[in-house]
Amino acid sequence: MEESKEISKSYDPKINDTEINKLWEESGFFNSDNLPKSHKKEYSVILPPPNVTGTLHLGHALMVVIQDILIRYHRMKGFKTLWLPGTDHAATATQERVEKDIYKKENKTRYDLGREELLRRIDVFTKESHDTIVNQVKKMGASIDWSREAFTLDEKRNFAVRTAFKKMYDAGLIYRGNRIVNWDPKLGTTISDDEVERVEEKTSFYYLKYGPFTIATARPETKFGDKYVVMHPKDKRYAKYKNGEKLEVEWINGKINATIIKDEAIDMSFGTGVMTITPWHDKIDFEIAQRHNLDFEQIIDLKGKLLPIAGEFSGIHIKKARPLIVEKLKAKGLVEKIDENYIHSVATSERGGGVIEPQILKQWFVDVNKKFKLERSKIKGIKSGSKTTLKEIMEKTVKGGQIKIVPDRFKKIYFHWIENLRDWCISRQLWYGHRIPVWYKGEEVYVGTESPKGDGWIQDEDTLDTWFSSGLWTFSTLGWPEKTKDLEFFHPTNVLETGYDIIFFWVARMILMSGFLLGDIPFKNVYLHGIVRDKEGRKFSKSLGNGIDPLDIIEKYGTDALRMSLITGISPGNDSNFSEDKTRGYRNFATKLWNIGRFIKMNDVADYDPKKIKLSASDKKKIKFAVDLKNKAGKNIGNFKFNEAAYDLYHYAWHEFADKIIEEVKPRLKSENLKDKLSALKMLKDILFEVLKSLHPFMPFVTEAVYKEVYNPKDSKDLLIIAKW
RNA sequence: GCGCGCAUAGCUCAGUGGUAGAGCGUUUCAUUGACAUUGAAAAGGCCCCAAGUUCAAUCCUUGGUGCGCGCACCA
C-alpha cells in the first residue's frame, strides 16, 4: 500500500505521453532493423506524404491513427514492421501558397522575384512546414521509422523521377504534343483533368444569327474565329446544305467566309441543332476540327485576354469583353433571343478556384492506351514479355483481386474512372517541382537522367505534375531505382491507407507506375477512410474558420482519447463528424484504464511466485474470455474493422472487467486466506495483461504506462509495444 | 445522363437474418474504501415508405421518397 500513494488518481497525458514516447524512441523499435530476431515476416505501410503547405488537420490524424493501429498490431504479432514516413512537395499548392504570401507582403509576383529566388523562399517555407508536421505526427503516437524518412522532392526521389521519366519515354509512353489542355490562367499552368472541378452556374444563353442559321452559345466572346458551322448529317432540317459548302455570313466584326461541316457529334435535339466551333478553346470542337482537318485559331491568350483576331476587342479580358460584344451583336441585329436562366457547369481549378480556359499547348503526356512490352511481370493476367497498356495494368491488378480495395464499392468508381481516362498531361508551367529531364538544342531533343554533354543544351522550363513523383512513392521511398534490400523485402507494401478523395490522383497512379516500372503491384490492400468533418458535418475549411488543430485536442484530452474518438463510430469510406464530447468520453476511459491498473497495483503483493498459484476453473474461464476477445479484436484489425475491435475492447474493459469482475473479486482480495487473495490477484493481472495488449494499438500511451506501473518491467526493452499478442 | 453512398434514441453515429447499441444529453438513487473523469437504474426507437424472399427482415431483393457525393455532357 505504500507504493500506491505515488500513483496519481488520474492519468496525466501531458507528463506520461511524453515520457512514454521517449521510452519508445530509445528502444529503437520503430525501426524494424532493431526488432528482435523473431520478427521475420514483412509488414509494410508507407505513409501517404502530407503536403508541406502547413499543418496537419484531423483527417491526417485519422490517417495516422489507422496506420499506427495496423503497425502496432502487426508488430505485436511478430511481424517485421516498416512504417515509412515522408512529406510531399505538392508543387501547385505549395507554390501558390508561397506566391500568395509574397504578393500580400511585398506586392511582388513570381516574375518579379525570378525562378531562383522563388525556389529559395519556397524552401524556407517548406522546411518550417515540414518540422511542424513531423512534430504533429510524433505527438499522435505514430510508431514510425524516422530513420527512413523521405521527401517527394529530395535528391533520391528526384533521381527516381528522372529515371521513371526516361524509361517511360523510351517505351514510347511519354510523348510531347500539341493537345487541348486545361489552362488555369490564375495559376499560370496547365492542370490535369482530375484537377478540374465543375461548378454549376446560372448564365445567359445567347441565340445568335449566323447567316441562315441560328446558333446558341453561352460564350459569345470566343466566337470571333468561328468560320465553321456544324450540323448532324442526318438532320433533315439542314439537308439542303452539303458538307464543305461555303457561304458568306455577317458576323461580329464584318463578313466571314463560313464552311458547312457535317458531324455526328452534334446533338440534333440541343438548341437549334447547329453550332459554330472554336477548336482552340473547346475539347469537343477540337476533336471535330481534327476529324475534318480544319484550321485552329487562338482567340484568347494565356492571361484571358482577347487576341488581335477580336479586332476592336483585342487586349480586353474576356470577362469584360462579353457584355461589350453582346451589345455590338444586338446593335447589328444578330441577337435573336437570350435565355437568362441557362444552367451550365463551368470548369474551375480545384486548387486555385479560377475558371479553366481550354487551350492548345505543347505539353508532355503519358499515353495510357499505347501498347508496350512488359518484360518482367508479376501482375496476374499479364505475362512477362507480353504486350499491354497502362490502362490494362490499372484494370487487371484490381479486377483480378491482386489488389483489394476496402470498401469494395470503390472498385466500381475506380473502373469507371479508368474507362473515361484520357492521356495524362504531366507538364506544369510551375517553377517548384521536378524539372522535366529533357534538353533541347535547336531541333534536337535529349531525354536522360543527367544533362547532356556539350554546349548549347537548354533544359525544358516546365516541371512535372506532383502526382508523377507521388506515383513512385511506394518504391522510390525504398531506394528504387537502386536494388536495395528494403525494396526487395518490403515491396509490394501490405496496405495503402488513404482518403477516398485521392483514389484517382494517387492510388491509380501508383498502380500505373509500379506496374510499368516494376511489373508489380504497389500494395496488396487499399483501405479508404472518409473525410473527417466538424460537429455539424461541414468540411473543415479556412473560410469557415472551423479548423481544429489535433495538437489542441491532445493538449486537452491526451493522444489516446483523440485516437479513440477518431476511430470509433466510423466505417470505411464514410465521412465522420468529430466532436469533442466524444473525445472527452474516451479521456474518461483512459482514466478508467489507469485506475484499473492503480487498483490492481494497490492490491499487489510483493514476493510471490505467480506460477505456483492454482486458479479455479471459473477464474480460468474469465481469463480465456479475455484472450478470446483479444484474438477477435486482432482479426477485426486485420480485416480493417477498427471500430468493431475498439468497441468490443472498450465495452469489455469498462463494463465487464472493471464493473463486474473486479467488483466481484474485491472480497477475495481482502480475504485473510492468502491463497484466495493470490489467486484473485493472479487472475486480475492476467486479464489486465490481455486488456492492455489488445488495447495497445488503439491507446498506446496509457496501456504502456499501466504496463510499466503494474508489471514493473526490469528491462528497459521490456515494453508493451513488442509484447507478444 | 451514368454510377455510388446515406436514411437507426433528443443530437452525432456504429451494428446485426432471431430480445436493438455507443458517445453526449435527460431523470432517479448510491458512493468519497481504484476511479465524481464513479457506480446502479430509468425514460426515450413502426431501425424512411411500400411490396417481395424467409419459419423469421432494421439487415437480403425490387420499387419509391428525401439528402449527399463521384463521373460524363452542356454549341
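Just so you know, we're using the working numbering here: the first sequence kicks off at 113 and counts up by one. Idealized CB from N, CA, C, for every residue including glycine.
By the criterion of a C-beta distance shorter than 6 angstroms, lysine 794 is surrounded in its chain by Pro722 and Ile725, once the five residues flanking it on both sides are discounted. Contact between leucine 705 and threonine 561 fails: their C-beta atoms lie close to 54 angstroms from each other, not under 8 angstroms. When secondary structure is reduced to three states using DSSP, isoleucine 178 falls in the helix class.
Secondary structure note for leucine 285: it is in no beta strand (DSSP E), with a DSSP letter that is neither H nor E. DSSP, reduced to helix, strand and coil, places phenylalanine 325 within a strand of the structure shown.
Secondary structure at glutamate 309: strand, using DSSP grouped into helix, strand and coil.
DSSP places serine 120 in the coil class of the three-state scheme, outside both helix and strand. In the structure shown, threonine 501 falls within a coil segment according to DSSP collapsed to helix, strand and coil. Here aspartate 574 is buried: its Cβ has 16 or more other Cβ atoms, across all protein chains shown, within 10 Å.
A direct Cα-to-Cα measurement between lysine 789 and phenylalanine 810 gives close to 32 angstroms.
At the C-beta level, isoleucine 400 and glutamate 409 stay beyond 8 angstroms of one another.
Using a C-beta cut-off of 8 angstroms, the region 368-376 makes contact with the region 335-351, since at least three inter-stretch Cβ pairs fall below that distance. Three or more Cβ pairs closer than 8 angstroms define a contact, and the region 688-701 meets that threshold against the region 661-671. Cβ-Cβ distances below 8 angstroms link leucine 147 to Phe141, Arg187, Lys192, Thr193 and Ile834 in the same chain, with the five nearest sequence neighbours on each side left out; the list follows chain order. When C-alpha distances from tryptophan 592 are compared across Thr460, Pro564 and Val273, the shortest belongs to Val273. Comparing alpha carbon positions, the residue from Phe271, Tyr281, Ser122 and His242 closest to glutamate 261 is His242. Within a 10 Å sphere around the beta-carbon of tyrosine 223 sit fewer than 16 other beta-carbons, which makes this residue exposed. Secondary structure at methionine 343: strand, using DSSP grouped into helix, strand and coil. Across the set Asp771, Leu285 and Arg710, the C-alpha of Arg710 shows the shortest separation from the C-alpha of lysine 797. Ranked by how close their Cα comes to the Cα of asparagine 355, the residues Val308, Arg310, Leu406 and Ser457 have Leu406 in first place. Within the same chain, and ignoring the five residues on either side of glycine 300 in sequence, the residues whose Cβ sits closer than 7 angstroms to its Cβ are Gln541.
Taking the C-beta atoms as reference points, histidine 393 is found nearer than 8 angstroms to isoleucine 411.
Along the length of the region 178-235, whole beta strand (DSSP E) runs at least 3 residues long occupy 192-196, reported in chain order.
Glycine 659 counts as exposed, since fewer than 16 other C-beta atoms from the protein chains shown sit within 10 angstroms of its C-beta. Counting C-beta pairs with one atom in each stretch, the region 292-308 and the region 600-613 have fewer than three that are closer than 8 angstroms, which means they do not touch. DSSP places asparagine 146 in the helix class (H, G or I) of the three-state scheme.
Note on the region 714-794: whole alpha helix (DSSP H) runs with a minimum of 4 residues are 729-750, 754-763 and 775-782, in chain order.
Under the three-state reduction of DSSP, phenylalanine 263 is assigned to strand. Spanning the alpha carbons of aspartate 672 and isoleucine 428 requires a straight line of approximately 59 angstroms.
Here leucine 800 is not near leucine 624, since their CB atoms are 8 angstroms or more apart. By the Cβ rule, the region 576-590 counts as touching the region 155-167, because three or more pairs are nearer than 8 angstroms. DSSP places tryptophan 392 within a helical segment (H, G or I) once states are collapsed to three. The region 561-570 and the region 247-256 do not touch, with fewer than three beta-carbon pairs separated by less than 8 angstroms. Counting along the chain, lysine 647 sits inside no beta strand (DSSP E), nor does DSSP assign it H or E at all.
When beta bridges are read from the DSSP output, phenylalanine 317 appears opposite Asp451.
Histidine 456 sits exposed, since fewer than 16 C-beta atoms from the chains shown fall within 10 Å of its C-beta.
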